[in-house]
Each structure stands twice: as C-alpha cells, then as structure tokens.
Amino acid sequence: VTLGVDETTTVVLTVPDETRAGEFDAMLEASTDDAADSAETTIKFGSIKDALSRAGAGDTVEVAAGNYDESVTIADGGLTLSGDGSTLNTTGTAIEVTAANVTVEGFQFRNASVGVDTTADDTTLRTSRFFSSVTNGTDITAADALVENNHFDGLDTALSLTGNASNATIVDNNIYDNN
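For reference, each letter of the sequence shown is one residue, going 1 to 179 in my numbering.
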C-alpha cells in the first residue's frame, strides 16, 4: 500500500488458523523510506480440539505455549500435534490417539491419569515431559510405536506396553523416580 501525505488506511492481515490453537504473540511492523514503527499484538486461536477438527493427513497442529485444561482425541491419521512446551492440565486421559501414523511432540502433562493413550499403530511420542501429578505417562496397545526423548518423573508408571503392543522403539528417554 502506498500512501500520500496525510493519507491513512487500514490494512487487514489474515493469518491462516486452520491448524493452530492457543494464543500467539506477533509483531506488526510498518515502515517508510524515512521512518519505521512496530506494535506487539496477540493473535487468539481456538482450542486444541478446534484445531484438530480442521486438520487432516499431513498437517501439523501447532499449539502455542500456555496451559490447556482440555483432553483431546486424535481420530484422524497422518498428522502431528506439536506443543511447543504447552501444558495439558487435565484429569482423565490428556491425549488419546485412535488413528495411525500420528506424532505427538513437545507437551508437558500434569494431573492426568494417563498422559498419552494410543491404540493406533505407528504413533510417535517425543520431546514431552510427564510430571509427578500424572499417574501413567503413556499407555501403548498398538504396533510400531516410537517413544523418544521424553522425560518421565515421579509417575506410578512411565510406560505401559500391553495388549497388541509390538515392535515398539523406546530410545533416549529420561525416567526418574517412577514406581
């Protein structure tokens, strides 16, 4: 947009929100040949459930850092749920994976009876933290799960492989003071 002297205009910035949840901080900048200005703003997106309902195979649902008091089910395969250090603070099961080829990464779990419960094959869980207020970190009853680079601290059970769990790869996890 080019403006003359004493002209003003409104610029609308559209950010695709199909696969985002939470609040993201952004910096808006405007400049001329002689001056520049910027302003901080917060862009508010919906819940994790809302973002998952709009996501499909191949999508990454980006969840802004923050606290979320919700439980979610991933029922569509082939997607990634990326937490960026987000905390799921919920009772019951925080994340239930019922579709194959799903990645869950970058979350912190508090107060859940189960952090991640997967009944779907080819689930990846990585770079997440499970704190002592969680009873069971991960319940896996599916084939070909990958659990890597997670931190389990003070849980009743860090990892549970039962039922149809087979060919699981568990690598580079930190498991401390679990029963």
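We treat Cβ as the ideally placed atom computed from N, Cα and C, and that holds for glycine.
_V63 versus I48 - alpha carbon distance_ = 7 Å
*At least three beta-carbon pairs within less than 8 Å, the region 129–147 to the region 109–121*: yes
*Go through the region 4–66 residue by residue and report every complete run of the alpha helix (DSSP H) that reaches 4 residues or more, in order.*
48–54
*Within its chain, find whatever has a CB closer than 6 Å to the CB of V114; leave out the 5 residues flanking it on each side and keep chain order.*
T93, N136 and D139
*Determine the direct distance from the alpha carbon of D144 to that of N164, and round the result to whole angstroms.*
10 Å
*Note the first and the last residue of the continuous beta strand (DSSP E) segment covering L159.*
T157 to L161
_Cβ-based burial, Y68 [other Cβ within 10 Å; buried from 16]_ = buried
*Quick one: measure Cβ to Cβ for V102 and G77, integer angstroms, because I've assumed they're closer than 8 Å.*
6 Å
_Between which two residues does the beta strand (DSSP E) holding V147 run?_
L146 to E148
_Rounded separation between A112 and G58 - CA only_ = 28 Å
*Under the three-state reduction of DSSP, which class applies to N167: helix, strand or coil?*
coil
*Check whether the Cβ atoms of Q108 and S86 lie closer than 8 Å to each other.*
yes
*Excluding the 5 residues preceding and the 5 following D37 in the sequence, name in chain order all residues of the same chain whose CB lies nearer than 7 Å to its CB.*
A30
*Give a yes or no on whether the C-beta atoms belonging to T80 and V61 are separated by under 8 Å.*
yes
*Closer than 6 Å by C-beta to A26: which residues in its own chain qualify, once you throw out the five before and the five after it? Chain order, please.*
T41 and I43
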